[in-house]
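Okay, structure first, notes after.
There are 2 protein chains.
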Amino acid sequence: MRAAHINPFIMATIEVFDTMVQCPLTRGKPSMKKGNLPEHDITGIIGYTGLAEGCVVISISLPLALHATSMMLGKEVNGIDHDVIDAVGELANMIAGQAKKHLEALKLRVTLPTVVSGRSHHIGYPEGVTAMCIPFDGELGSMSVEFALVEVGTVVV
Amino acid sequence: MRAAHINPFIMATIEVFDTMVQCPLTRGKPSMKKGNLPEHDITGIIGYTGLAEGCVVISISLPLALHATSMMLGKEVNGIDHDVIDAVGELANMIAGQAKKHLEALKLRVTLPTVVSGRSHHIGYPEGVTAMCIPFDGELGSMSVEFALVEVGTVVV
Numbered sequence: 006m007r008a009a010h011i012n013p014f015i016m017a018t019i020e021v022f023d024t025m026v027q028c029p030l031t032r033g034k035p036s037m038k039k040g041n042l043p044e045h046d047i048t049g050i051i052g053y054t055g056l057a058e059g060c061v062v063i064s065i066s067l068p069l070a071l072h073a074t075s076m077m078l079g080k081e082v083n084g085i086d087h088d089v090i091d092a093v094g095e096l097a098n099m100i101a102g103q104a105k106k107h108l109e110a111l112k113l114r115v116t117l118p119t120v121v122s123g124r125s126h127h128i129g130y131p132e133g134v135t136a137m138c139i140p141f142d143g144e145l146g147s148m149s150v151e152f153a154l155v156e157v158g159t160v161v162v
Numbered sequence: 006m007r008a009a010h011i012n013p014f015i016m017a018t019i020e021v022f023d024t025m026v027q028c029p030l031t032r033g034k035p036s037m038k039k040g041n042l043p044e045h046d047i048t049g050i051i052g053y054t055g056l057a058e059g060c061v062v063i064s065i066s067l068p069l070a071l072h073a074t075s076m077m078l079g080k081e082v083n084g085i086d087h088d089v090i091d092a093v094g095e096l097a098n099m100i101a102g103q104a105k106k107h108l109e110a111l112k113l114r115v116t117l118p119t120v121v122s123g124r125s126h127h128i129g130y131p132e133g134v135t136a137m138c139i140p141f142d143g144e145l146g147s148m149s150v151e152f153a154l155v156e157v158g159t160v161v162v
């Protein structure tokens, strides 16, 4: 894990929420993820392969997830349904994709998203893998971005 | 999704449980995944990139997960803790890796595992992506393997 990896995820998240959700976010203090409770209600997971392996996990509060879905699909939603799952998957995909652009030297490829919902679900990482967690707040709710990247090849910066 | 992709995941799962967990499994009938409820208590997710993108999701009943952890780590465990999360991540990793060997033409790479636990967690896939689900039963409990693979390049068979 390098400190230089944090900014690309901050930029990516703010860019995606500004443009796709029209909800400006302010970021809190990044910290190492402790425990495995997700920060919020619904979680989107994208894996990375390339010169680093890992994942980005976005966790979104229900009100913000519903607002994001409404903005992205142009229709009102009132609870977690397939539209919300798709929207959270697509947000994870866009954030992972934007961060990848800012981390060009790692030659990352992203997987399809999986989305996890359900009360008190827990997300665990392999032993020895440190995930960073960056909290964000917006007018319509909170979200967080966690990422773990383990370099597996020679990175030419 | 090709029918030819199903056997590699069946073989991989049986091989890994035979050798690592010493728990022979018998497989049920593969079917298209409906809804997004996981089959069992604890879920390991691995992403694929390569000439196909997708994921493999293993879902394990608590008794089988505890037994697998005991066999893999050589110590008794009584509930979901970090050891169980690691063991389920490692099982997902081994099954994804074995299946990858049987699917050489797709030139797959696997991501780090993430593990989800918690009551009634739901796993969702992107719209339009069909996941196959293969159920397995063993003396010590049940598990299932779901996978989704979307070809993105030219596959030379």
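The listed protein sequences correspond, in order, to chains A and B.
For our numbering, count along the first sequence from 1 and bump the result up by 5.
For our numbering, count along the second sequence from 1 and bump the result up by 5.
Here a beta-carbon is modelled for each residue, glycine too, at the ideal position from N, C-alpha and C.
* Asked: Within the 9 Å Cβ cut-off, does A17/A reach chain B?
  -> no
* Length-filtered (3 minimum) beta strand (DSSP E) runs lying within the stretch 46–87 of chain A -> 47–54, 57–65
* Asked: If the cut is a Cβ gap below 8 Å, which residues of chain B does A153/A touch?
  -> Simply L117.
* Would K106/A be called buried (16 or more neighbouring beta carbons within 10 Å of its own) or exposed? -> Only exposed fits K106/A, as fewer than 16 other CB atoms lie within 10 angstroms of its CB.
* Contacts of C28/B in chain A (Cβ-Cβ under 8 Å) -> Simply none; closest approach about 22 Å.
* **Selected residue, minimal CA-CA separation from T18/A, among L111/A, G143/A, V134/A** => The candidate whose alpha carbon is nearest that of T18/A is G143/A.
* Asked: With which residues is H127/A paired in a DSSP beta bridge?
  -> S122/B.
* Could you name the residues that DSSP lists as bridge partners for R114/B? => Answer by DSSP bridge pairing, in chain order: T54/B.
* When V150/B, E109/B, L69/B are compared against A92/B, the one with the closest alpha-carbon -> L69/B
* Asked: Looking only at DSSP bridge pairs, what is T31/A linked to?
  -> D142/A
* To do: For S122/A, go through chain B and note every residue whose CB falls closer than 9 Å to its CB, in chain order.
  => N41, H126, H127, I128, G129
* Beta-carbon neighbours of D23/A, restricted to chain B and to distances below 9 Å -> Under the 9 Å cutoff, chain B gives no residues; its nearest Cβ is about 23 Å from D23/A.
* Asked: Quick one: does V91/B have its CB under 9 Å from some CB of chain A?
  -> Note on residue identity: the sequence assigns Asp, not Val, to residue 91/B. Yes, contact with chain A.
* Whose Cβ in chain A lies nearer than 9 Å to the Cβ of R7/B? -> The contacting residues do not exist; R7/B stays about 16 Å from chain A at best.
* Report the neighbours of C60/B on chain A: residues whose CB is nearer than 7 Å to its CB, in chain order. => Within 7 Å Cβ-Cβ: T116, L117, T119.
* Residues in its own chain within less than 6 Å of P13/A by CB, not counting five upstream and five downstream? -> A104, H107, L108
* C-beta neighbour in chain A for V82/B, strict 9 Å -> V82/B does not count as touching chain A.
* To do: Determine which residues share a DSSP beta bridge with A153/B and list them.
  => C60/B
* Asked: Assuming I63/A and A97/A make a contact with CB atoms under 8 Å, what is their CB distance in whole Å?
  -> With a Cβ gap of about 5 Å, I63/A and A97/A count as contacting.
* Give the straight-line distance between the Cα atoms of S122/B and G49/A, rounded to the nearest whole angstrom. => 15 Å
* **Distance between S147/B and A57/A (C-alpha atoms, nearest Å)** => 34 Å
* If you count every other CB in all the chains shown that lies within 10 Å of the CB of G33/B, and 16 or more means buried, which is it? -> exposed
* Quick one: list the residues of chain B neighbouring V150/A, beta-carbon separation under 8 Å, in chain order. => Within chain B, no residue comes near V150/A; the closest Cβ sits about 14 Å away, beyond 8 Å.
* To do: Give the C-beta separation of L67/A and I47/A to the nearest angstrom, bearing in mind that I take them to be a contact with Cβ-Cβ under 8 Å.
  => 7 Å
* Asked: Roughly how many whole angstroms lie between the Cα atoms of E151/B and I51/B?
  -> 11 Å
* Candidates E132/A, V120/A, T24/A: closest to I90/A by CA position -> V120/A
* **For M37/A, the residue or residues it bridges with in DSSP** => M137/A
* Asked: Does the distance from the CB of G102/B to the CB of V82/B come in under 9 Å?
  -> no
* Do the CB positions of M76/A and M25/A come within less than 9 Å of each other? -> yes
* Asked: Applying a beta-carbon distance threshold of less than 8 Å, which residues of chain B neighbour E132/A?
  -> H87, D91
* Asked: Is E156/B close to chain A, meaning its C-beta is less than 9 Å from at least one C-beta of that chain?
  -> Output row for E156/B: interface = no.
* Using a threshold of 9 Å, state whether the C-beta atoms of K112/A and G59/A are closer than that. => no
* To do: Leaving out five residues on either side along the sequence, give the residues of the same chain with a beta carbon under 7 Å from the beta carbon of E156/B.
  => Result list for E156/B: L56, A57, in chain order.
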